[in-house]
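This report refers to the structure that appears directly beneath it.
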Amino acid sequence: MSYENVTANLESIQRQLPDGVTLVAVSKTHPPEAIKKAHETGHRIFGENKVQELVDKFEALPKDIEWHLIGHLQTNKVKYIAPFVTLIHAVDSVKLLKEINKRAKNEGRIIDVLLQVHIADESSKFGFDADELSNLVSGTVFESFENICIRGLMGMATFTDNQEQIRAEFKLLKSLFDTFSNGKLGANGKFDILSMGMSSDYEIALEERSNMIRVGSSIFGARSYDVD
Ligand SMILES: *Cc1c(COP(=O)(O)O)cnc(C)c1O
0 MSYENVTANL
10 ESIQRQLPDG
20 VTLVAVSKTH
30 PPEAIKKAHE
40 TGHRIFGENK
50 VQELVDKFEA
60 LPKDIEWHLI
70 GHLQTNKVKY
80 IAPFVTLIHA
90 VDSVKLLKEI
100 NKRAKNEGRI
110 IDVLLQVHIA
120 DESSKFGFDA
130 DELSNLVSGT
140 VFESFENICI
150 RGLMGMATFT
160 DNQEQIRAEF
170 KLLKSLFDTF
180 SNGKLGANGK
190 FDILSMGMSS
200 DYEIALEERS
210 NMIRVGSSIF
220 GARSYDVD
């Protein structure tokens with residue numbers, strides 16, 4: 000695949016971003032050369048969804064890159080990314096939080112995470128639902144995680160052409176974000192990141208006041224194989 004459009008694609012999306020919105024360039028499945036192209040424009044924030052691929056790219060590429068893990072994370076793989084990951088987007092269990100806390104402590108780090116919320120009308124998507132989240136927040140479990148900073152929420156809308164459905168799901172996530180940012184989670188640290196929107200729906204997400212979008216194919220082109 001040729002990556003000659005990466006620079007133009009990236010710049011065109013950056014021009015659409017309101018102040019205070021962060022673009023995560025999702026480079027999964029694309030080779031280091033593609034990331035280098037984007038890096039040459041000054042872009043530094045990249046997202047991957049597989050641990051092994053993330054570690055390989057971290058090792059191969061400039062060390063000023065901020066790496067985000069955006070995909071589902073298995074507990075037994077936390078140790079591989081704990082030394083360097085900047086933000087883990089898809090935390091969906093207390094068990095995973097415990098493991099991240101333990102590995103962060105070993106590294107002498109505080110790792111930033113987002114809690115993934117299940118907003119889609121699909122059973123296959125991971126994440127807490129709104130009730131689980133409320134229960135967690137009203138309990139004390141987060142207080143024990145001294146090496147984690149819960150920075151906010153992440154969600155994925157249903158894979159559909161129905162724009163109004165996508166908008167409604169983003170609205171729900173935004174309202175949960177507002178609710179929890181006034182609660183205990185906010186008190187525990189910063190609660191300032193709302194990660195929602197990808198290539199097909201980031202314009203809606205921005206209208207619904209996302210402040211972090213994760214965009215892959217609109218920057219790097221279609222993926223020749225897809226990973227989940
Ligand atoms: C792949 C992926 C994206 C980016 O998808 P595009 O449609 O290529 O923009 C965003 N978020 C997550 C969690 C992903 O796995």
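For the sequence shown, position 124 matches number 123 in numbering that gives the first Met the number 0, and the numbering has no gaps at all.
Here a beta-carbon is modelled for each residue, glycine too, at the ideal position from N, C-alpha and C.
The structure presented is a predicted model; accordingly, all values stated were derived computationally and were not measured.
- Burial check for residue 55: the Cβ neighbour count within 10 Å stays below 16, so the residue is exposed.
- Under the criterion of beta carbons closer than 8 Å, residue 44 and residue 77 do not qualify as touching, at roughly 21 Å.
- In this chain, the alpha helix (DSSP H) harbouring residue 179 covers 162 to 180.
- Distance from the Cα of residue 207 is smallest, within the candidate group 189, 142, 165, for 165.
- Out of 12, 143, 114, 20, the CA that lies nearest to the CA of residue 152 is found in 114.
- Remark: the shortest separation between the CB of residue 102 and any heavy atom of ligand 1 does not fall under 7 Å.
- If you look at residue 57, you'll find it in the alpha helix (DSSP H) that goes 50 to 59.
- In this structure, residue 112 sits away from residue 80, with a CB-CB distance that is not shorter than 8 Å.
- Sorted by position in the chain, 25, 48, 69, 197, 198, 213, 214, 215, 216 make up the residues whose C-beta lies under 5 Å from a heavy atom of ligand 1.
- With fewer than 16 other Cβ atoms from the protein chains shown falling within 10 Å of its own Cβ, residue 14 counts as exposed.
- Distance check between residue 141 and each of 60, 95, 157, 50 places 95 closest, using alpha-carbon atoms only.
- Per DSSP, reduced to three states, the secondary structure at residue 115 is strand.
- If you look at residue 106, you'll find it in the alpha helix (DSSP H) that goes 93 to 106.
- In the three-state scheme derived from DSSP, where H, G and I count as helix and E and B as strand, residue 5 is classed as helix.
- If you draw a 10 Å sphere on the C-beta of residue 209, you find 16 or more other C-beta atoms in it, and that means buried.
- A residue is called buried once 16 or more other Cβ atoms fall within 10 Å of its Cβ, and residue 3, having fewer, is exposed.
- In this structure, the CA atom of residue 144 is about 44 Å from the CA atom of residue 1.
- Annotated as proximal: residue 70 and residue 48, with beta-carbon spacing under 8 Å.
- The stretch 182 to 199 and the stretch 210 to 218 touch, with three or more beta-carbon pairs separated by less than 8 Å.
- Residue pairing for residue 67: DSSP places it in a beta bridge opposite 46, 86.
- In this structure, 74 is the residue among 6, 83, 104, 74 with its C-alpha nearest to the C-alpha of residue 93.
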